[in-house]
Amino acid sequence: MDDEERRDPIPVLTAIDGNAVPEGALVSFITTRDRVRLRAAVWPALSGKPKGTVCVFQGRSEFIEKYFEVVGELRERGFSVAMVDWRGQGGSQRLVRNRMAGHVRSFADYDTDLETFMRDIVLPDCPAPFYGLAHSMGGLVLLRNATLRGIWFERAVCTAPLVDMPKGGLPWRSVFAVSRWLRRIGLGWIMLPRFIYDRMYNPVRAFPGNPLTSDASRFSRMVEILAADPSLAIGPPTFGWIASVGDAIEEIASERFHKNLQIPVLNIAAGMDKFVSTPAIEQLGKRMRIGGSIVLDGSRHEIMMEEDRIRDRFWAAFDSFIPGTSQ
């Protein structure tokens, strides 16, 4: 934790032209049991009788501000909305000296973030029933927790959940093995070399040919938010993070996961995804006892940040799966 993070900060949300903070936001910091500070935000439903609360869980390197448009669309549907920045990214506390390093020791730490968020923010202050809407890494966190008895959510939707890496990129089996070895000898804090990250996975490279979205305005919005508040950004993941992803992917592939799944989950895959394996998401859906998977042809990785023609299909699937219940 750097000197800036040692001071008591004030929780804020960053607005830019065309991406104002939705009215009614309540922003706060919460502290986990292992003393990590997380930024959280809540919005009330626009209607007098909320249908419940949708908890939105972001992917790696993301931040609350990126989802303001989604927050508005959920509120228009009659839901309250709650969000949290995972540890090590967005407006939450960084975990290693280099604040640009995307680091975590284990996905169990993200479980702690989720538990703290639900205990301190959602359960006491948000209307039930609760639904999960998670993207990419957030989907992997949510899926792991969907096996817990007493899970807080009635249902969940995961867009492009990180259930396996795509083929044709890095030799991931070897990468996971090396990452676990580095973590074991105490070097998990080392970052993936920048030249690999920039060539294959840097989310803010130029729009043409980017792997995230085919919508130029939504891509530019993400870049402009980071330009307005560089403190929200992180860079390459550490080998500790990569090792933790490998561990979590193996959990989701296990028979134990499918046997213990507690809630219906709809996985929505992107047909042109270069970050996660679309075939693995399809296979996951086939194995699920409750839930399933669909593929949005033509979509890149960030389905909720895509062109309207793709987002319309996403929202149609969401609305049919999570109708909500008036209180």
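Each residue of the sequence shown is one higher than the last, beginning at 1 in my numbering.
The beta-carbon is built from N, C-alpha and C at its ideal position, and this holds for glycine as well.
Asked, Found
"Leucine 148 to glycine 59 span [Cα, whole Å]", "21 Å"
"Which listed residue (Glu307, Asp17, Lys274) has its alpha carbon closest to that of glycine 168", "Lys274"
"Proximity below 7 Å, CB of arginine 180 to CB of alanine 243", "yes"
"Residue interval of the alpha helix (DSSP H) (run including asparagine 260)", "255-260"
"Euclidean distance between Cα positions of threonine 32 and serine 220", "33 Å"
"Whole-angstrom distance between leucine 38 and serine 61, CA atom to CA atom", "14 Å"
"Buried versus exposed, by CB contacts within 10 Å (16 or more), glycine 91", "buried"
"Coarse secondary structure for threonine 53, derived from DSSP in three states", "strand"
"8 Å Cβ shell around proline 166 - same chain, five flanking residues per side excluded", "Asp273, Lys274, Phe275, Val276, Ser277, Thr278"
"Length of the line joining the Cα atoms of methionine 1 and arginine 105", "Note that methionine 1 scores 49 on pLDDT, short of 50, meaning its location in the model is unreliable and no value can be drawn from it."
"Glycine 188 - containing alpha helix (DSSP H), residue span", "Unbroken run through glycine 188: none, as it is neither H nor E."
"Through-space distance from alanine 270 to leucine 296, alpha-carbon basis", "5 Å"
"Reference proline 230, options Ile30, Gln89, Lys259, Pro11, closest by Cα", "Gln89"
"Cβ contact check for the segment 283-299 and the segment 106-120: 3 or more pairs under 8 Å", "no"
"Simplified DSSP assignment, three categories, for alanine 206", "coil"
"Neighbour-count burial assignment, valine 12, 16 or more Cβ in a 10 Å radius", "exposed"
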